[in-house]
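Engineer: If you read the protein sequences in the order shown, they are chains D and Y. Under the working numbering, the residues of the first sequence are numbered 49 to 251, in order. Under the working numbering, the residues of the second sequence are numbered 49 to 251, in order.
Number of protein chains: 2
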Amino acid sequence: MRIFILMAHKASTIPFNLNDLAGAAGRMDLVARFISSSLFISHGIRKDTEVYTILNGPTDPPKTIKFVANELKMVSPDERNIASHIRNALFKKISSEWILNSPGIYIARKSLEDILIEIKSRNVKIYLLDEKGRDIQTGISEGAFVMSDHINFSESELATILKYADDVLSLTKTSLHADHCAIIVNYYLDRLKEGKTISPPSR
Amino acid sequence: MRIFILMAHKASTIPFNLNDLAGAAGRMDLVARFISSSLFISHGIRKDTEVYTILNGPTDPPKTIKFVANELKMVSPDERNIASHIRNALFKKISSEWILNSPGIYIARKSLEDILIEIKSRNVKIYLLDEKGRDIQTGISEGAFVMSDHINFSESELATILKYADDVLSLTKTSLHADHCAIIVNYYLDRLKEGKTISPPSR
Numbered sequence: 049m050r051i052f053i054l055m056a057h058k059a060s061t062i063p064f065n066l067n068d069l070a071g072a073a074g075r076m077d078l079v080a081r082f083i084s085s086s087l088f089i090s091h092g093i094r095k096d097t098e099v100y101t102i103l104n105g106p107t108d109p110p111k112t113i114k115f116v117a118n119e120l121k122m123v124s125p126d127e128r129n130i131a132s133h134i135r136n137a138l139f140k141k142i143s144s145e146w147i148l149n150s151p152g153i154y155i156a157r158k159s160l161e162d163i164l165i166e167i168k169s170r171n172v173k174i175y176l177l178d179e180k181g182r183d184i185q186t187g188i189s190e191g192a193f194v195m196s197d198h199i200n201f202s203e204s205e206l207a208t209i210l211k212y213a214d215d216v217l218s219l220t221k222t223s224l225h226a227d228h229c230a231i232i233v234n235y236y237l238d239r240l241k242e243g244k245t246i247s248p249p250s251r
Numbered sequence: 049m050r051i052f053i054l055m056a057h058k059a060s061t062i063p064f065n066l067n068d069l070a071g072a073a074g075r076m077d078l079v080a081r082f083i084s085s086s087l088f089i090s091h092g093i094r095k096d097t098e099v100y101t102i103l104n105g106p107t108d109p110p111k112t113i114k115f116v117a118n119e120l121k122m123v124s125p126d127e128r129n130i131a132s133h134i135r136n137a138l139f140k141k142i143s144s145e146w147i148l149n150s151p152g153i154y155i156a157r158k159s160l161e162d163i164l165i166e167i168k169s170r171n172v173k174i175y176l177l178d179e180k181g182r183d184i185q186t187g188i189s190e191g192a193f194v195m196s197d198h199i200n201f202s203e204s205e206l207a208t209i210l211k212y213a214d215d216v217l218s219l220t221k222t223s224l225h226a227d228h229c230a231i232i233v234n235y236y237l238d239r240l241k242e243g244k245t246i247s248p249p250s251r
């Protein structure tokens, strides 16, 4: 089981304009790419994957949208398609319990901490991705991977995550977008699953 | 120098509807994500990078759009922004020579083979990315990386590429989108640049 969790600090919590994902919708483009990167392979979907995006922007935060890969229908990897599914879910009257909005897409009034508690209770290993963490090469397994959007985690968010995280991993010194990090994590896990080593490439 | 080359078999060669990138525009969403993945890091751009996308769809193929990172202005990583720059370039009257359309964005009537000849003449190593290639772990360097969109290269395209390619690399057995492959190639090159090894991660 692979779980990808994105804290989207400014992402709209009310229906937004699909033509302005990167602007007024609070970097919903990045949220959509994160979901796409976590779920899609060429001509297919990663069946064993869930994605949680915590939308924390105006005007009704927090709301979390959950994509469950093996239940999804009619979702394609482009930003506009994924954003339209998020937008539809934001019309829903919500509560603290998950509500199904369309096949495989759920919404609830849940904060980052609520999500971490929920995942911890399923006995899934939680990894924080952070440039100051230990090199991912030194150990990784299937689990839940927590990342932030274009805004770094606040001190208090970090404290919350570290309460539940089993480990902190870094990828490179280069600061990468969350959607790129999801791809690299998937790649590592794919290689491990295929029994391939990650040996030093020569120049 | 890193160069990413995408053969976009169905991508529109005339101005298209920005609200239908994945449909009528011939998977222009994938083209845009490929450019985004090749160029962008968090809060910045990879200055030493060029991206070539060969648009080969209706109704006026082939046209190649070139993004030169260190000249770019006002380009952001969302699909719609990048697609709008491509769309603008498609209004241009073109010839076989590069024409600057906006800062860092060029267009020309060039085929895949024209691009390969041009890059070869600059003495840049050319890599084909293909699932049947040798594992990328066994050797990689900066160079030009040639990939296909959602449609596999035809036999004749492959023959053309192999005429110029120095090497054929594969990433995993899992078939990945071209934009995801660009991210992984960038990641490997980043790690090598940082002097980090790619050692076997333990479980």
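The C-beta atom is built at its ideal place from N, Cα and C for all residues, glycine as well.
Would you list the residues sitting across from Leu15 of chain Y in a DSSP beta bridge?
Structural biologist: No answer is possible for residue 15 of chain Y: the residues shown for chain Y start at 49 and end at 251.
Engineer: By the criterion of Cβ-Cβ separation under 9 Å, what are the contact partners of Tyr235 of chain D in chain Y?
Structural biologist: Those are Leu219, Thr220, Thr222, Leu224, His228, Ile231, Ile232 and Tyr235, listed as they occur along chain Y.
Engineer: Measure the beta-carbon distance from Ala207 of chain D to Ser86 of chain D and round it to whole angstroms, keeping in mind my assumption that it falls under 8 Å.
Structural biologist: So it is not a contact: roughly 25 Å between Cβ atoms.
Engineer: Which parts of the stretch 142–208 of chain Y are runs of the alpha helix (DSSP H), unbroken and 4 residues or longer, counting only runs that do not cross its ends?
Structural biologist: Note on the stretch 142–208 of chain Y: whole alpha helix (DSSP H) runs with a minimum of 4 residues are 160–169, in chain order.
Engineer: According to the neighbour-count rule (16 or more other Cβ atoms, all chains shown, within 10 Å of its Cβ), is His20 of chain Y buried or exposed?
Structural biologist: The structure shown has nothing for residue 20 of chain Y, since chain Y only spans 49 to 251.
Engineer: Assuming Ala192 of chain D contacts Ile102 of chain D under a Cβ cut-off of 8 Å, what Cβ separation, rounded to an integer in Å, is found between them?
Structural biologist: Contact flag wrong, Cβ pair sits at about 13 Å.
Engineer: Within the 8 Å Cβ cut-off, does Ser247 of chain D reach chain Y?
Structural biologist: Reliability of the predicted coordinates at Ser247 of chain D is poor, the pLDDT of 45 falling under 50, and the value obtained from them is presented with this limitation in mind. Output row for Ser247 of chain D: interface = yes.
Engineer: May I ask you to verify whether the stretch 151–165 of chain Y touches the stretch 104–116 of chain Y, counting CB pairs closer than 8 Å and requiring at least 3?
Structural biologist: yes
Engineer: Return the residues of the stretch 129–144 of chain Y that lie within a Cβ-Cβ distance of less than 7 Å from chain D, sorted by chain order.
Structural biologist: From the stretch 129–144 of chain Y, only Asn129 have a Cβ closer than 7 Å to chain D.
Engineer: Please say whether Phe88 of chain D and His34 of chain Y have beta carbons closer to each other than 8 Å?
Structural biologist: No information on residue 34 of chain Y is available, as it lies outside the stretch 49 to 251 that chain Y covers here.
Engineer: Mapping the DSSP letters down to three states, classify Arg94 of chain Y as helix, strand or coil.
Structural biologist: coil
Engineer: Using a Cβ-Cβ cut-off of 8 Å, state whether His91 of chain Y counts as contacting chain D.
Structural biologist: yes
Engineer: So which of Y:Lys244, Y:Leu66, Y:Ala59 and Y:Thr97 has the shortest CA-CA distance to Thr186 of chain D?
Structural biologist: The residue with the shortest Cα to Cα distance from Thr186 of chain D is Y:Lys244.
Engineer: Anything in the stretch 193–206 of chain D with a Cβ closer than 9 Å to a Cβ of chain Y? List those residues in chain order, please.
Structural biologist: Flagged, chain order: His198.
Engineer: Going by DSSP, what residues sit across from Lys121 of chain D in a beta bridge?
Structural biologist: Answer by DSSP bridge pairing: none, since Lys121 of chain D is not bridged.
Engineer: Can you give me, in chain order, the residues of the stretch 176–191 of chain Y that have a beta carbon less than 8 Å from any beta carbon in chain D?
Structural biologist: Asp183, Ile184, Gln185, Thr186, Gly187, Ile188 and Ser189
Engineer: Using the Cβ count rule (16 or more neighbours within 10 Å means buried), how would you classify His57 of chain Y?
Structural biologist: buried
Engineer: If the cut is a Cβ gap below 7 Å, which residues of chain D does Arg239 of chain Y touch?
Structural biologist: Thr220
Engineer: Residues of chain D with CB under 7 Å from Phe64 of chain Y, in chain order?
Structural biologist: Simply none; closest approach about 13 Å.
Engineer: What are the start and end residues of the beta strand (DSSP E) that includes Leu54 of chain D?
Structural biologist: Arg50 to Ala56 is the extent of the beta strand (DSSP E) around Leu54 of chain D.
Engineer: Going by other Cβ atoms of all chains shown within 10 Å of its Cβ, with 16 needed for buried, is Met195 of chain Y buried or exposed?
Structural biologist: buried
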